[in-house]
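Heads up, the sequence shown is in the working numbering, so the first residue is 17 and it goes up one at a time.
Here is the structure we will look at, set down as structure tokens.
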Amino acid sequence: MLDLLSNFRDHVYWEKATDAIDASTALVLSSETNAGELCEAAKKGSLYARQQALRRLNQLSGDEAKEGMLSCTADSSKAIQKLLAELLPAHTDWAPEYIGLLKSKKAPQRILAAQVLGKMGAVGTAALQEALETAEELGYPVLLRPSYVIGGQNM
Numbered sequence: 017m018l019d020l021l022s023n024f025r026d027h028v029y030w031e032k033a034t035d036a037i038d039a040s041t042a043l044v045l046s047s048e049t050n051a052g053e054l055c056e057a058a059k060k061g062s063l064y065a066r067q068q069a070l071r072r073l074n075q076l077s078g079d080e081a082k083e084g085m086l087s088c089t090a091d092s093s094k095a096i097q098k099l100l101a102e103l104l105p106a107h108t109d110w111a112p113e114y115i116g117l118l119k120s121k122k123a124p125q126r127i128l129a130a131q132v133l134g135k136m137g138a139v140g141t142a143a144l145q146e147a148l149e150t151a152e153e154l155g156y157p158v159l160l161r162p163s164y165v166i167g168g169q170n171m
């Protein structure tokens, strides 16, 4: 009798879990889903639903999409962190937010911010004027460092 009740309980739990996963995935895949709903789906739901929500948010523009994607940076899932590391470097205008993540108390956010900022690109220049023009094109913040210094002295 106990085995029968245990199997019934497991079956009911499994049905509820699959219904929740299917609902979050259906919400994300719906063409009528707005940015706010995608933000919620990116934070909750199955891994697949969160990945799809982030991909859809990446295609949108505006503060709500930006807020939704950046709110997922604290997610410690390796798959989500990998996806964000691929998607976020394209948004160079969000650089100030990435720098803010470097100061976060949460390790996943700091690691992700370092990865994203590292992928955003580097440009080498030989003259100061050329460096200033490049910095203006790239947008700030910009890191300047000498290309050759003996022993790191006088930096």
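Even glycine gets a Cβ: it sits at the ideal position worked out from N, Cα and C.
- Item | Backbone CA spacing between K197 and S92 [nearest angstrom] | Any answer about residue 197 is impossible in this case: the structure gives the chain only from 17 up to 171.
- Return the chain-ordered list of same chain residues with a C-beta closer than 7 Å to the C-beta of E153, the five sequence neighbours on each side being excluded. Annotation for E153: no residue places its beta carbon closer than 7 Å to its own, counting only its chain and skipping 5 residues before and after.
- Task: Quick one: grab the DSSP three-state call for T49.
- Result: Coil, per DSSP.
- Query: What residue does the alpha helix (DSSP H) around G78 start on, and which one ends it?
  - Reply: Note, G78: premise wrong, no alpha helix (DSSP H); not H, not E.
- Message: Just checking L54 against the ligand ADP - is the residue's beta carbon closer than 7 Å to any of the ligand's heavy atoms?
- Response: Looking at this structure, you won't find the ligand ADP or any other ligand, since it has none at all.
- Message: Distance check for Q67 and I96, CA to CA, integer angstroms please.
- Response: Using only the alpha carbons, I get a separation of about 7 Å.
- Under the assumption that V132 contacts A151 (Cβ atoms under 8 Å), give the Cβ distance between them as a whole number of angstroms. Not confirmed; about 19 Å, so no contact.
- Per-residue burial, A143 [other beta carbons within 10 Å of its own, 16 or more giving buried]: Counting the other Cβ atoms within 10 Å of the Cβ of A143 gives fewer than 16, which makes it exposed.
- Task: Can you say whether L128 is buried or exposed, counting buried as having 16 or more other CB atoms within 10 angstroms of its CB?
- Result: It counts as buried.
- Task: Measuring alpha carbon to alpha carbon, tell me which of D79, E56 and R72 ends up nearest D109.
- Result: Answer by Cα proximity: D79.
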